[in-house]
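When you line the sequence shown up against mature numbering (1 follows the signal peptide of the UniProt record, and there is no 0), it's residues -22 to -1, 1 to 565, in that order.
Only one structure is covered here, and it is reproduced in the block below.
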Amino acid sequence: MKCLRTCILILISLLLAGCAEKKTSVGMFPLDDHPLVDFYVPSEAESTYHYLLYTMYRLHGDDQKALEHFQMSIGASPSPSAELLMELSAIYSLQHDQERAISVLEQAVALNPYDPNLYKLLSLYYYQEYDFLRARDAITRAIDLGQTSGEDFLFLADVLEKIGDYESMVQVLHQLTLEHTDNYVAHYSLGVAFYRQQRYDDAARSIRTAMEIRGGDTLSYRFMLGKLRLEQGYLDQALDIYEEIYRSSLPMDTQIATGYSMRIMETLHEYGHYDLSIKLAKRMLQDNPSWIWTVDYCTLGLYAMQTNAVPDECNGNISLPAGSGHAFTRLLFQYLDTSTPEDRAQILHLLNDSQSQGILVQSMRPFLDIDKRFGRSQGPKMLLELLQSLAESPREALAMGITIADMIDNTELQLTYAADLYEQYPDSVSALQLAWAHYDSGNLQQAISIAEPYAKKKDAPAELLNFLGYIMVDHHMQITVGGNYIRRAVEQESNNPYYIDSLAWYYYRTRDYTNARIYIERSIMLLQERDPEPDDAIIFEHTGDILQRLGDQYRAFAYYARSYAFRDEPRVFNKMQAIRHSVDAQR
């Protein structure tokens, strides 16, 4: 602190000396009341003075104080330069205040519209906020002004991919590869662009070119080639590529080897090629018998293929820790295969606390995902019987049935359990679950008829009121009545972001877009209080719909892009493309 004070005193002394001949009738005035500063300087030097303090506080690590003095420096300047505004925007960005960072940088661009660096930074800010249309326009303007590099074109290509303009993405990258033939990143990115267009042979050629230019470690590029072969149905070639990646990674760091190997297994399961995953898992376990996670993939692959026994090659050379997820995976496989009382008893014996029960449920999920893919119901029923043996009441057992049915998207089974629950325990909670089941089955009117009698009661729970009100509003059925139900839900839980979203949607359906915007912004604010980076695709889509109606197409696109990033819903992608074409038509 003493050193910092000395530096400030020296700087201010120099400042006083330079300004001694510029005193006016305004005279001298006290500046900062911070303990570091307790003297006077001429008023004309205020801007420079605050800039010096900004520099000192920043060096000292007091970012908040530094920002305050930078703001005062610019405020005291009659005409702050674009460079100063650019620096201020960078400070805001570092403090995660992107709204101010963008606003200040836009002012800088207005002052100096011919500086490509300003546009490049502005494009990055837009990109971070999912405002990809403005990001595209800004980086394109920077490129048009010159002083660009290959990285600028690669960034533009990335932006074009985000907005779904794959044709322009190919054009940009193709031109870049012609001008910079040795830019392997450009060739690889061009391969990705071709992949987006489902031009798999062109994609493979570009990626191979990138590999030839780069040389050395090209495992990530080869991984993409394997994915291309899966898309084309060349399964033997894909398996050869993945095995080559696995073999090449073994001499590397253990973390790299296991990382690539797990990524390969995840991809094969994602594409449903369980037979290939079994083959590769066996080979991995021959080399690495202690890779316990490979035993899991092999076991799940066998379950998918309905193999009745685990071969020795899938056992590895390791003892599965009792009560671990790995142990439960093996036990669940045995239970689903034979369903003997011994298998059941062995699992139940390990369920001695809530933690072990949680591990069991987590271990069930991959089996349920496989059953969901193949439309099987026997496995889920057996798993449900196992869970129900842990239920503390018959009601909880029925509720478990609804949950399992929902996890495998079996609406018929979900409706069966929900109907049984409501028949045995007719109250608002079971009514809501039955109404949900009917709604998921596509029977909207039946869902309303079940839920509405309970919604009319004074003590109706907020969750039921919101559900009923939202589906009525969303499907244009008694919108005013639905809106009243939503308001009653909000009265009970005024800070519930999902209920506030429903209220915003009510206003949207009634074409009151101003109020819709007010409430959807409040919904997002409440979401951010729970999580600084919320990922609710529905609320983001609603925000895009509302902003589009208000004519704010750029921000609408940004929220659609957020929604699509968390859930690649074709409906949302189509909305993005409609805005993109509309904006481009007006350029």
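Glycine included, every Cβ here is placed at the ideal spot set by N, Cα and C.
Computed from a prediction, not measured in an experiment: that's the story for all the values here.
Fully contained in the stretch 238 to 272 are the following alpha helix (DSSP H) runs of length 4 or more, in chain order: 252 to 265. With a minimum length of 3 residues, there is no unbroken run of beta strand (DSSP E) contained wholly in the stretch 100 to 156. Between the stretch 368 to 377 and the stretch 303 to 313, the count of C-beta pairs closer than 8 Å stays below three; the two stretches do not touch. The three-state secondary structure of tyrosine 92, taken from DSSP, is coil. Distance from the CA atom of glutamine 526 to the CA atom of leucine 504, rounded to whole angstroms, is 22 Å.
By the criterion of at least three beta-carbon pairs nearer than 8 Å, the stretch 428 to 441 is in contact with the stretch 460 to 479.
Assigned with DSSP and collapsed to three states, alanine 369 falls in coil, not helix or strand. Non-local C-beta neighbours of glycine 303 in its own chain, meaning closer than 6 Å and more than five positions away in sequence, comprise Ile337, Ser341, ordered along the chain. Threonine 236 and histidine 247 have their alpha carbons spaced roughly 16 Å apart. Under the DSSP assignment, glutamate 499 falls in the alpha helix (DSSP H) whose first and last residues are 491 to 508.
DSSP, read as helix, strand or coil, puts asparagine 388 in coil. With distances taken between CA atoms, alanine 413 lies nearest to Thr389 out of Thr389, Lys436, Lys435. DSSP places glycine 336 in the uninterrupted alpha helix (DSSP H) bounded by 332 to 352.
Taking 8 Å as the cut-off, the beta carbon of isoleucine 524 is found closer than this to the beta carbon of alanine 494. In the three-state reduction of the DSSP assignment, asparagine 161 falls in the coil class. If you check the CB distance, leucine 481 and tyrosine 497 come in under 8 Å.
For threonine 316, the enclosing alpha helix (DSSP H) begins and ends at 303 to 316. Spatial neighbours of serine 226 in its own chain (CB-CB distance under 7 Å, excluding positions within 5 residues in sequence) are listed in chain order as Leu197.
Under a 10 Å Cβ-count criterion, phenylalanine 345 is classified as buried, with 16 or more other Cβ atoms of the shown protein chains found around its own Cβ.
For glycine 357, the CB contacts under 7 Å within the same chain, skipping 5 residues up- and downstream, are Leu314, Phe345, Asp349 in chain order.
Taking C-beta atoms as the reference points, lysine 140 and alanine 539 count as a pair closer than 8 Å. Just measuring C-alpha positions, the residue of Ser367, Asp347, Gln85 sitting nearest glutamine 335 is Ser367.
Taking a cut-off of 8 Å on C-beta distances, the stretch 93 to 110 touches the stretch 118 to 125, as three or more cross pairs fall below it. Just so you know, the alpha carbons of histidine 38 and alanine 44 end up roughly 9 Å apart.
Proline 229 sits in coil when the DSSP states are folded into three classes, being neither helix nor strand. Assigned with DSSP and collapsed to three states, threonine 488 falls in coil, not helix or strand. A residue is called buried once 16 or more other Cβ atoms fall within 10 Å of its Cβ, and glutamine 411 is buried on that count. Within the same chain, Cβ atoms closer than 7 Å to the Cβ of leucine 213 are found at His251, Leu254, the five residues on either side in sequence being excluded. In this structure, the beta-carbon distance from isoleucine 380 to alanine 396 falls below 8 Å. Counting the other CB atoms within 10 Å of its CB gives serine 472 a total below 16, which places it among the exposed residues. Contact between tyrosine 477 and isoleucine 464 is confirmed by a C-beta separation of about 7 Å, below the 8 Å threshold. When the Cα atoms are used, glutamate 244 and histidine 453 turn out to be separated by approximately 39 Å. At the C-beta level, leucine 393 and alanine 429 stay beyond 8 Å of one another. Our two residues, leucine 132 and glutamine 284, have alpha carbons roughly 46 Å apart in a direct line. Between arginine 112 and tyrosine 532 a beta carbon distance of about 6 Å is seen, short of the 8 Å cut, so the two are scored as contacting.
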